[in-house]
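**Q**
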Amino acid sequence: MIEFRPLTEADLPLLRVWLEREHVARWWREPIEDELGHELTGRFVIVVDGRDAGLIQTYDGEVDLLIGEEELTGRGLGPQILAQFVDDVVEADVVFAAVEEPNRRSWRAFEKAGFRHVSDVEENGLPHRLMRLDRS
Ligand SMILES: CC(C)(COP(=O)(O)OP(=O)(O)OC[C@H]1O[C@@H](n2cnc3c(N)ncnc32)[C@H](O)[C@@H]1OP(=O)(O)O)[C@@H](O)C(=O)NCCC(=O)NCCS
């Protein structure tokens with residue numbers, strides 16, 4: 000079972016651990032102190048079968064996520080988490096994500112959750128795929 004619990008100050012040490020893991024740090028480029036200093040609004044801990052598994056966030060109709068527990072990656076959980084998050088939490092009718100081009104695992108997870116690759120954009124000088132989901 001997948002649940003979303005609003006991120007609180009008490010979760011920040013765990014978030015730091017996740018951000019420092021190699022499989023996350025490779026793709027999550029914002030400096031850790033900036034990441035930890037963001038507003039808590041719109042940010043949720045992903046809970047999988049009662050276990051804290053990662054972070055998912057929505058801001059201005061954009062979504063991004065990380066599964067911080069590496070052994071929970073590569074099992075098809077990402078697409079399920081995204082689909083459920085869009086259904087249960089996100090209120091916008093159109094949802095976007097910008098995913099780094101070489102992060103195939105991530106953009107495939109968005110595709111499997113129903114997002115389409117609509118254009119190529121540059122963010123921080125790096126090529127990204129802009130992914131879009133229209134909610135029915
Ligand atoms: C990106 C992420 C959310 C994807 O979720 P996931 O549950 O691991 O994704 P899936 O298991 O559904 O795999 C998605 C696709 O990547 C492929 N894949 C799995 N592990 C992979 C790996 N180590 N390298 C490359 N591709 C891989 C899968 O085969 C699948 O593709 P397919 O459907 O064509 O076979 C998760 O891996 C994660 O949080 N990674 C670290 C942080 C990150 O990159 N966040 C995204 C920032 S936008």
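Under numbering that gives the first Met the number 0, the sequence shown has 100 at position 101, and the numbering climbs by one with no breaks. Cβ atoms here follow ideal geometry from the backbone N, Cα and C, with glycine treated the same way.
#1: Quick check: is any heavy atom of ligand 1 less than 7 Å from the C-beta of residue 65?
#2: Can you give me the C-alpha to C-alpha distance between residue 128 and residue 65, rounded to a whole angstrom?
#3: Could you work out which residue in 15, 48 and 63 is closest to residue 0 when comparing CA atoms only?
#4: Let me confirm a value: residue 75 is counted as buried when at least 16 other C-beta atoms fall within 10 Å, else exposed. Which label applies?
#5: Let me check understanding here. Comparing Cα to Cα, which of 21, 54, 68 and 83 lies closest to residue 111?
#6: Let me confirm a value: residue 105 is counted as buried when at least 16 other C-beta atoms fall within 10 Å, else exposed. Which label applies?
#7: CB residue 4 to CB residue 44, shorter than 8 Å?
#8: Looking at C-alpha atoms only, which residue of 17, 119, 97 and 117 is the closest neighbour of residue 72?
#9: Should residue 52 be counted as a contact of ligand 1 given a C-beta to heavy atom distance under 7 Å?
#10: Taking 7 Å as the cut-off, is the beta-carbon of residue 98 closer than that to any non-hydrogen atom of ligand 1?
#11: Identify whether residue 24 lies in helix, strand or coil by the three-state DSSP scheme.
#12: Report back the beta-carbon spacing between residue 131 and residue 98 to the nearest angstrom; my notes put them in contact at under 8 Å.
#13: So, with DSSP's three-state summary, where would you put residue 135?
#14: Report back the beta-carbon spacing between residue 123 and residue 28 to the nearest angstrom; my notes put them in contact at under 8 Å.
**A** According to the structure data:
#1: For residue 65, the shortest C-beta to heavy atom distance toward ligand 1 is below 7 Å.
#2: Looking at the two C-alpha atoms, the distance is approximately 17 Å.
#3: When each option's Cα is compared against that of residue 0, the closest is 48.
#4: Result: exposed.
#5: Considering only alpha carbons, the answer is 83.
#6: Buried, because 16 or more other Cβ atoms sit within 10 Å of the Cβ of residue 105.
#7: In this structure, residue 44 lies closer than 8 Å to residue 4 by Cβ.
#8: Minimum Cα distance to residue 72 is reached at 17.
#9: No, the beta carbon of residue 52 sits no closer than 7 Å to any heavy atom of ligand 1.
#10: Flag set: Cβ of residue 98 near ligand 1.
#11: Residue state for residue 24 is assigned as helix, using DSSP reduced to three classes.
#12: With a Cβ gap of about 11 Å, residue 131 and residue 98 do not count as contacting.
#13: Three-state DSSP puts residue 135 in coil, outside helix and strand.
#14: That belief holds up - the Cβ atoms of residue 123 and residue 28 are roughly 7 Å apart, short of 8 Å.
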